[in-house]
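What follows is a set of notes on a single structure, which appears directly below.
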Amino acid sequence: MSDGPSRVIADNEWSRPRVRYGIGSQQILLLVGLVVFGLGPILWLAKSAITPTGDTISHPIALFPHGFAWGNLHEAWSQVRVGRYFWNTVVLAFGSWMTQLVVATTGGFVLSVLRPRYAPLVKALLLATLFVPAVVLLVPLYVEIVHPPLVHHSFVDSYWAVWLPAGASAFNVVLVTRFFDNLPREIFEAAQVDGAGPFLLFWKIVLPMSKPILGVVSLFAVLASWKDFLWPLLVLTNPDIQPLSVRLPSIQAQTSLGVFLAAMFIACLVPIAGFMIFQRSFLRGTGLGGAIKG
Amino acid sequence: MAVVEATPARSRNEGVRLPRRTPLTWVRGGGLSTLVFLLPLLFVFGAFSWYPIVRTVVMSLQHTNLVQSPTWVGLHNFTAVIHDPLLPTAVKNTAEFAGLALVFGYPLPLVAAVLMSEVRKRRGLYAALVYLPVVIPPVVAVLLWKTFYDAGSTGVFNTILGWAHLGPYPWLQSQSTALPSLVLESTWANAGGTVIIYLAALTSVNPELYEAAAVDGAGILRKIWHVTLPQLRGVLLVTMILQIIATAQVFLEPYLFTSGGPANSTLTVLLLIYNYAFGNSLGGDYGKATALSLMLAVFLALLSWIYLRATRSWSTG
Chain A
1 MSDGPSRVIA
11 DNEWSRPRVR
21 YGIGSQQILL
31 LVGLVVFGLG
41 PILWLAKSAI
51 TPTGDTISHP
61 IALFPHGFAW
71 GNLHEAWSQV
81 RVGRYFWNTV
91 VLAFGSWMTQ
101 LVVATTGGFV
111 LSVLRPRYAP
121 LVKALLLATL
131 FVPAVVLLVP
141 LYVEIVHPPL
151 VHHSFVDSYW
161 AVWLPAGASA
171 FNVVLVTRFF
181 DNLPREIFEA
191 AQVDGAGPFL
201 LFWKIVLPMS
211 KPILGVVSLF
221 AVLASWKDFL
231 WPLLVLTNPD
241 IQPLSVRLPS
251 IQAQTSLGVF
261 LAAMFIACLV
271 PIAGFMIFQR
281 SFLRGTGLGG
291 AIKG
Chain B
1001 MAVVEATPAR
1011 SRNEGVRLPR
1021 RTPLTWVRGG
1031 GLSTLVFLLP
1041 LLFVFGAFSW
1051 YPIVRTVVMS
1061 LQHTNLVQSP
1071 TWVGLHNFTA
1081 VIHDPLLPTA
1091 VKNTAEFAGL
1101 ALVFGYPLPL
1111 VAAVLMSEVR
1121 KRRGLYAALV
1131 YLPVVIPPVV
1141 AVLLWKTFYD
1151 AGSTGVFNTI
1161 LGWAHLGPYP
1171 WLQSQSTALP
1181 SLVLESTWAN
1191 AGGTVIIYLA
1201 ALTSVNPELY
1211 EAAAVDGAGI
1221 LRKIWHVTLP
1231 QLRGVLLVTM
1241 ILQIIATAQV
1251 FLEPYLFTSG
1261 GPANSTLTVL
1271 LLIYNYAFGN
1281 SLGGDYGKAT
1291 ALSLMLAVFL
1301 ALLSWIYLRA
1311 TRSWSTG
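From first to last, the protein sequence lines stand for chains A and B. Just so you know, the working numbering puts 237 at position 237 of the first sequence, and the rest follows in order with no gaps. Just so you know, the working numbering puts 1275 at position 275 of the second sequence, and the rest follows in order with no gaps.
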C-alpha cells in the first residue's frame, strides 16, 4: 500500500482543475463514506459501551446525554465473566496457532526441502482439500469428535477438539511451501555438506530464514481462531470453557444492553489492536487465501 | 550406476555395492526422518480432513444418530431431503442471498478500489478504513447490527432515517426486509477484503498500457473502460465465483440474526443442514445433513466448473 505513482490519471491530467477537483471530491466523498460506514459502527460500539443503557435505548445517536457509565466495562469483565471467556479465547487461539504452525512448517519442510518421492501425492491430496467446501466437513467432523475411531473417549469439551482440526489448513501449508521453495537451495546443500541432518537444517536454517511467512501465518491463525464461532459452539458445550464469540449471544440474554455492548467492545479490542499493529501484513493482498477458505 | 554388465559370478557382491532399496537404506537415506517431519501433517489432515470427507459420503448413505449403530439406507437420505418441503424455501432464500450480495457487494468494491488507487496522499488510511470491518469478529458484527436493526422508532437505523422522515422500518421483523437486511450486514463485513484484492491487482497493471491509451487520445473514463477493466478481468471473474461459493454457504447471519425467521424467510441451505444435524435435541439426523451438504458441494463444484468453462475465453487473452 505504498503511495506509488498512480496510473490511470496521468500527471498532466491531474493538473487540470476539472479532473483534480472532480476526482478529488469523489475521493473525499469515499473517505467520508468509509469513515461513516467503516469506522462509524465501531465508534458507536465504543461510545455505547460506556453509556448508560437507558440513554442508548432512548437516544442511540446522542453523545452521552446523561454522562458516562464506565461501570459497564467493569461489570462485563467481572460479573458477566467476560474476563474468563476472554482468557478462554486466548488459550484457544494460542493452541490453534501452535498446531497450524507445527503442521505448516514441518509439512512445508518435507514438501519443499526434503522432497521424498511421494511428495507430489501428498501435495495433490492437500490441494484437493482446498476444493472441498467447509460445510462438507462439519457433520462428520462433529461425529468424529463425539465418537472418535480407535480412541473410545469423547473429545467434546476438550480444547484439543478445536486445536487439532485447526491445523488442517491446506492454505497455510501451500503458503509456507511456496516460501520455502524460494529460499536459496545452495544454503541447504552447504549445510548438508557440513554434516547437518534434517533436524538441524529445519531448526537452525530453514525456520530462522522464514520469519516473514511465519508472521503472516501466525497473524491469520490467531485472527481466524478469534473469529471462529460455529465449531467451538458445537464441540465446547460447557460455558466455563467457551470462548467469547460463543458466549456473546447468551450474554445478550443475561444482562443489560449497556453491559452487553461493553462485552462486545472488549471482544473487538484484540483483533483491532492486532490489525493496527500489523496493518501492512493484512493489506498486502494475502487475504485472497481467506476468501478461498470461505 | 553403470554396473549393468553384472555377471552371475559377481552377483553375490552386488547387494553390497549397488544401492538397493531396502528398509535399512531407506532409513539411512533419511526416509525415516522425512516421515517423522511429515507425521503432523499426515495425522492432522488424515484425521480432520481426508477421513471426514470420505466419512461424509458413507454417512449420507446411512441412518446415523449416534445412539443406535448405523444402518445402510441407500439413497433414502437424498430422497428424504429432496422431498422436504423446506428445501425449496432454503434454496430460494440462499439464491436470493447470493444474488442480492452480488448486486450490493460486487460493483461497490471495484468502484472503491479504482477511486482509492488514484488517491495521491494517505492511501494507507483509506485501505485501513476499508479493511477495518473485516477484522471485527463476525459474531460481534452480526450482534451489533442486530442492535442497529431495532425495529422501534428509537432503533439506531430508524433514528438516523427518521431525520429524513423515513421509516420506521421493521428490518429483521418483516418477511420482505429480513433477507436484504442480512445481505447488507454481510456486505459491510466482507467488502473490505475484496477491495484489498482489487487494489493489489490494480498495481500490477502495466502503466505503459495507460500511456499508450493516452497517446491514442483516451480520457480517464475510457482508460478505465478499455484498460483497467480488461486487465482486471481475471481477478474480477475469480472474486465473483468465490463470492458466490461463500454466500451459498451463508450460516452465521441467518443463525444469529433471525434463526431463519420470520416464517422461514431467511432459512438458508446451511441453516437447514444445521437444523437436520443439531437442531433437534432428541438426536440429530446426520444422514440427511450429510446428504444435503454433499448435494450443495456437488452443485457448487458443477457451478464453478461451468462458470470457469464459460468464462475461459474472457479471462485469458
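Backbone N, C-alpha and C define an ideal beta-carbon position, used for all residues, glycine too.
Exercise. Mapping DSSP to helix, strand and coil, what is Q1173 of chain B?
Worked result: Counting from 1 along the second sequence, the entry for residue 1173 of chain B is found at position 173. The answer is helix: DSSP assigns Q1173 of chain B an H, G or I state.
Problem set entry | Per-residue DSSP class, three states only, for T1071 of chain B | Along the second sequence, read from residue 1 onward, the residue named residue 1071 of chain B stands at position 71. In this structure, T1071 of chain B counts as strand in the three-state DSSP scheme.
Problem set entry | Under 9 Å between C-beta atoms of Y1255 of chain B and V139 of chain A | Mapped onto the second sequence, residue 1255 of chain B falls at position 255. Mapped onto the first sequence, residue 139 of chain A falls at position 139. Against a cut-off of 9 Å, the Cβ pair of V139 of chain A and Y1255 of chain B comes out as no contact.
Exercise. Quick one, are the C-beta atoms of Y1149 of chain B and F1257 of chain B less than 9 Å apart?
Worked result: The sequence position of residue 1149 of chain B within the second sequence is 149, counting from 1. The sequence position of residue 1257 of chain B within the second sequence is 257, counting from 1. Result yes, Cβ atoms of Y1149 of chain B and F1257 of chain B sit closer than 9 Å.
Exercise. How should P239 of chain A be labelled, buried or exposed, when 16 other C-beta atoms within 10 angstroms of its C-beta is the threshold for buried?
Worked result: On the first sequence, position 239 is the one that residue 239 of chain A refers to. Counting of Cβ neighbours within 10 angstroms places P239 of chain A among the exposed residues, the total staying below 16.
Exercise. Is the CB-CB distance between N88 of chain A and I241 of chain A below 9 Å?
Worked result: Looking up residue 88 of chain A in the first sequence gives position 88. Looking up residue 241 of chain A in the first sequence gives position 241. Yes; because the gap between Cβ atoms is below 9 Å, this pair is in contact.
For this session: Can you give me the start and stop residues for the alpha helix (DSSP H) that I57 of chain A sits inside?
Result: Taking the first sequence and counting its residues from 1, the one referred to as residue 57 of chain A is at position 57. Its alpha helix (DSSP H) spans residues 53-58.
Exercise. Using the C-alpha atoms, what's the distance from V1054 of chain B back to R185 of chain A?
Worked result: On the first sequence, position 185 is the one that residue 185 of chain A refers to. On the second sequence, position 54 is the one that residue 1054 of chain B refers to. So the alpha carbons of these two residues sit roughly 37 Å apart.
For this session: Pair every Cβ in the segment 132-146 of chain A with every Cβ in the segment 204-212 of chain A, then say whether three or more of these pairs are closer than 8 Å.
Result: no
For this session: Identify whether H974 of chain B lies in helix, strand or coil by the three-state DSSP scheme.
Result: Outside the displayed span of chain B (1001 to 1317) sits residue 974 of chain B, for which this structure offers no information.
Exercise. Thinking just about the alpha-carbon of each residue, which of B:P1230, B:L1236, B:S1293, B:V1215 is nearest to the one in Q1249 of chain B?
Worked result: The residue you call residue 1249 of chain B lines up with position 249 of the second sequence. Looking at the Cα atoms, B:S1293 is the closest of the given residues.
Problem set entry | F949 of chain B vs L1182 of chain B beta-carbon contact at 9 Å | Since the displayed chain B opens at 1001 and closes at 1317, residue 949 of chain B lies outside it and no answer follows.
Problem set entry | Proximity test, Cβ basis, 9 Å: T129 of chain A and chain B | In the first sequence, residue 129 of chain A corresponds to position 129, counting from 1. Answer yes: the Cβ-Cβ gap between T129 of chain A and chain B drops below 9 Å somewhere.
For this session: Check the C-beta distance from S169 of chain A over to Q100 of chain A and give it rounded, since I have them as a contact under 8 Å.
Result: Along the first sequence, one-based indexing puts residue 169 of chain A at 169. Along the first sequence, one-based indexing puts residue 100 of chain A at 100. Between Q100 of chain A and S169 of chain A the Cβ distance is about 6 Å, and since that is below 8 Å, they are a contact.
Exercise. At what residues does the alpha helix (DSSP H) containing K1223 of chain B begin and finish?
Worked result: As a first step, residue 1223 of chain B is located in the second sequence; it is residue number 223 there, counting from the start. 1220-1223 is the span of the alpha helix (DSSP H), which, as asked, contains K1223 of chain B.
Exercise. Who are the neighbours of P249 of chain A on chain B, taking C-beta pairs under 8 Å?
Worked result: Translated into the one-based positions of the first sequence, residue 249 of chain A becomes position 249. For P249 of chain A, the chain B residues whose C-beta falls within less than 8 Å of its own C-beta are V1139, L1143, L1256, listed in chain order.
Exercise. Which residues bound the alpha helix (DSSP H) around Y1106 of chain B?
Worked result: Here the question's residue 1106 of chain B lines up with position 106 in the second sequence. Careful: Y1106 of chain B lies outside any alpha helix (DSSP H) and carries neither H nor E.
For this session: Look at the alpha carbon of L1236 of chain B and the alpha carbon of V1130 of chain B, and state the distance between them as a whole number of angstroms.
Result: As a first step, residue 1236 of chain B is located in the second sequence; it is residue number 236 there, counting from the start. As a first step, residue 1130 of chain B is located in the second sequence; it is residue number 130 there, counting from the start. Each residue's alpha carbon lies about 18 Å from the other.
Exercise. How big is the Cα-Cα spacing for I1197 of chain B and V1027 of chain B?
Worked result: As a first step, residue 1197 of chain B is located in the second sequence; it is residue number 197 there, counting from the start. As a first step, residue 1027 of chain B is located in the second sequence; it is residue number 27 there, counting from the start. One Cα belongs to I1197 of chain B, the other to V1027 of chain B, and the distance between them is close to 46 Å.
Exercise. Three or more beta-carbon pairs under 8 Å between the segment 253-267 of chain A and the segment 275-286 of chain A, yes or no?
Worked result: no
Exercise. In chain order, what residues of the segment 1248-1279 of chain B put their CB closer than 9 Å to some CB of chain A?
Worked result: A1248, Q1249, F1251, L1252, Y1255, L1256, V1269, L1270, I1273, Y1274, Y1276, A1277, F1278
For this session: Quick one: give me the first and last residue of the alpha helix (DSSP H) that F109 of chain A is part of.
Result: As a first step, residue 109 of chain A is located in the first sequence; it is residue number 109 there, counting from the start. Residues 82-109.
Exercise. Which value, in whole angstroms, describes the spacing of the CA atoms of T963 of chain B and V1114 of chain B?
Worked result: Missing from the structure shown is residue 963 of chain B; chain B here goes from 1001 to 1317 and no further.
Exercise. In chain A, which residues lie less than 7 Å from F1048 of chain B when you measure between Cβ atoms?
Worked result: Here residue 1048 of chain B refers to the residue found at position 48 when the second sequence is read from its first residue. F1048 of chain B reaches chain A at L141, L164, P165, A168, counting residues in chain order whose Cβ is nearer than 7 Å.
Exercise. Along chain A, in chain order, which residues have C-beta atoms closer than 8 Å to that of G1031 of chain B?
Worked result: If you number the second sequence from 1, residue 1031 of chain B lands on position 31. Ordered by position in chain A, the residues that pass the 8 Å Cβ test against G1031 of chain B are P116.
Exercise. Got a sec: is the Cβ-Cβ distance from A134 of chain A to anything in chain B below 9 Å?
Worked result: Here the question's residue 134 of chain A lines up with position 134 in the first sequence. Cβ-Cβ to chain B under 9 Å: yes for A134 of chain A.
Exercise. Would a C-beta distance cut-off of 9 Å place T106 of chain A and L1041 of chain B closer than the cut-off?
Worked result: For the purposes of this step, residue 106 of chain A is identified with residue 106 of the first sequence, where counting begins at 1. For the purposes of this step, residue 1041 of chain B is identified with residue 41 of the second sequence, where counting begins at 1. Closer than 9 Å, so yes.
Problem set entry | Start-to-end residues for the alpha helix (DSSP H) that takes in L1129 of chain B | Along the second sequence, read from residue 1 onward, the residue named residue 1129 of chain B stands at position 129. For L1129 of chain B, the uninterrupted alpha helix (DSSP H) segment begins and ends at 1123-1135.
Problem set entry | Option in A:A191, A:L207, A:K204, A:P148 with minimal Cα separation from V235 of chain A | One-based indexing of the first sequence puts residue 235 of chain A at position 235. Cα-wise, what sits closest to V235 of chain A is A:P148.
Exercise. What does a CB cutoff of less than 7 Å around G108 of chain A pick up in its chain, not counting 5 residues either side in sequence?
Worked result: Along the first sequence, one-based indexing puts residue 108 of chain A at 108. Correct list, in chain order: V173, V176, T177, F180.
Exercise. Can you give, in chain order, each stretch of the alpha helix (DSSP H) that sits fully within the segment 185-211 of chain A and has at least 4 residues?
Worked result: 185-193
Exercise. Going by other Cβ atoms of all chains shown within 10 Å of its Cβ, with 16 needed for buried, is N1158 of chain B buried or exposed?
Worked result: Here residue 1158 of chain B refers to the residue found at position 158 when the second sequence is read from its first residue. The Cβ neighbour count for N1158 of chain B, taken over all protein chains shown within 10 Å, is at least 16; the residue is labelled buried.
For this session: Determine which residues of the segment 1054-1073 of chain B have a Cβ less than 8 Å from any Cβ of chain A, and write them out in chain order.
Result: R1055, T1056, M1059, T1064, L1066
For this session: Give the secondary structure of I9 of chain A by DSSP, where H, G and I count as helix, E and B as strand, and everything else as coil.
Result: Locating residue 9 of chain A in the first sequence gives position 9, where the first residue counts as 1. I9 of chain A: coil per DSSP, three-state reduction.
Exercise. Taking the continuous alpha helix (DSSP H) assigned at V1142 of chain B, which residues delimit it?
Worked result: The residue you call residue 1142 of chain B lines up with position 142 of the second sequence. Start and end: 1138-1148.
Problem set entry | Inside the segment 1172-1241 of chain B only - alpha helix (DSSP H) runs reaching at least 4 residues | 1178-1203, 1207-1215, 1220-1223
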